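Numbering (my numbering), first residue to last: 210 to 556.
Glycine included, C-beta positions come from ideal geometry on N, C-alpha and C.
Predicted, not measured: the structure shown is a model, and the values here were computed from it.
The structure appears right after this line, and notes come after that.
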């Protein structure tokens, strides 16, 4: 049996200046990273590389019989985040022993290491005395084709979320990662539409990287598939330069690929799309109601962010907007989806 443990290593005097220099460089990189654009990881990677060098020095010292001390064995502090370097100019709040405190008073440089296989019993998951939590019930699709099973599973998640509410269970959430474009959009439309006996539910959005988007308002609209004949009509591709064959049939791109496709947490991209879409929808419908034919491919964050904005706009400005999704297909023409509009709907 083993557990992750914290070990403090006293760095030899010959290596101490180098460790302090690296620690200072790490703090500078951390400060610079806070000023970078969202998704820019240059300074974060530099910070990680510097700390890897500090760890290597400490591990080498440990292998050469440098003094070391295990951290106190209380569970509350065993896995707490703490400083890597303790020494002149670097304060700390980690729980330590008298020996470590004596090293610090003597002016030594101490590096905290996280060792994955320290001595001790592995802490079991779950509540003490009750054992680990039970495994989730196995879900089996009633379809044989993968795409049908994906749609059924995603609709099942949405049904659970709209019936149980967003705070009743971790599973009561919207998980859009990996869901095909058409299934994602059509399922969101189906569950954004109201049904008797179920009130509006703002469902959490959780992506594969565990980042979160704003809650999606389901069961919040009375939708119609009727496309107003005399409204102004505009055609957009959801994201620029995704499929150039779209460019010949649209009036413009709703989102710029260079801005949306940057490396960042998915929830942040979702939020950028949502905020931008809200502003653009408000601008386009300020003077006259508008039908938007949206030619789209399947970037989940863009789809969720855009249609959340459409839903919110229709909640606050009914009968001003109609969005008709058109799905890219590798063969044949674009497939038309169901319209998102409250015009012509019976409440």
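For residue 469, the enclosing alpha helix (DSSP H) covers residues 466 to 469.
As the crow flies, the alpha-carbon of residue 216 is around 45 Å from that of residue 425. Secondary structure at residue 478: helix, using DSSP grouped into helix, strand and coil.
Cα atoms of residue 406 and residue 483: separation of roughly 29 Å, rounded to the nearest angstrom. From the listed residues 496, 509, 506, 512, the smallest Cα separation to residue 530 is found for 496. Pairing residue 527 with residue 393, the inter-Cα distance amounts to about 23 Å.
In this model, residue 501 and residue 261 are separated by some 51 Å (Cα to Cα). In the three-state scheme derived from DSSP, where H, G and I count as helix and E and B as strand, residue 536 is classed as strand. Nearest C-alpha to residue 422 among 516, 456, 435: 516.
For the options 549, 354, 485, the alpha carbon positioned closest to that of residue 465 is the one of 485.
By the Cβ neighbour-count rule, residue 297 is exposed, with fewer than 16 other Cβ atoms within 10 Å of its own. At a Cβ-Cβ threshold of 8 Å, residue 266 and residue 227 count as neighbours.
Bounds of the alpha helix (DSSP H) holding residue 235 are 225 to 242. Going by beta carbons, residue 427 and residue 367 fall inside the 8 Å limit. Around residue 494, the same chain offers 529, 530 as residues with beta carbons nearer than 6 Å, after the five sequence neighbours per side are excluded. Assigned with DSSP and collapsed to three states, residue 530 falls in strand. Rounded to whole angstroms, the gap between the alpha carbons of residue 463 and residue 532 is 13 Å. Excluding five sequence positions before and after residue 364, the CB atoms of its chain that fall closer than 6 Å to its own CB belong to 396, given in chain order. Listed in chain order, the non-local C-beta contacts of residue 402 below 8 Å within the same chain comprise 428, 430, 431, 432, local neighbours out to five positions each way being set aside. The residue among 511, 507, 445, 548 with its C-alpha nearest the C-alpha of residue 475 is 511. Counting C-beta atoms within 10 angstroms of its own C-beta, residue 450 has fewer than 16 neighbours from the protein chains shown and is therefore classed as exposed. Under the three-state reduction of DSSP, residue 317 is assigned to coil, being neither helix nor strand. Using a 10 angstroms sphere on the CB of residue 274, the tally of other CB atoms stays under 16, which defines it as exposed. Rounded to the nearest whole angstrom, the CA to CA distance from residue 545 to residue 444 is 13 Å. If one requires a minimum length of 3 residues, the beta strand (DSSP E) runs lying completely within the region 379 to 463 are 410 to 415, 421 to 427, 441 to 448, in chain order.
Setting aside the 5 residues that flank it on each side, residue 536 is surrounded in the same chain by 390, 391, 505, 543, 544, 546, each with a C-beta closer than 7 Å to its C-beta; the list follows chain order. The Cβ-Cβ distance between residue 387 and residue 417 falls below 8 Å. In this structure, residue 320 sits away from residue 356, with a CB-CB distance that is not shorter than 8 Å. Measuring C-alpha to C-alpha distances from residue 439 to each of 249, 252, 552, 231 identifies 552 as the nearest.
Rounded to whole angstroms, residue 317 and residue 250 show a C-alpha spacing of 33 Å.
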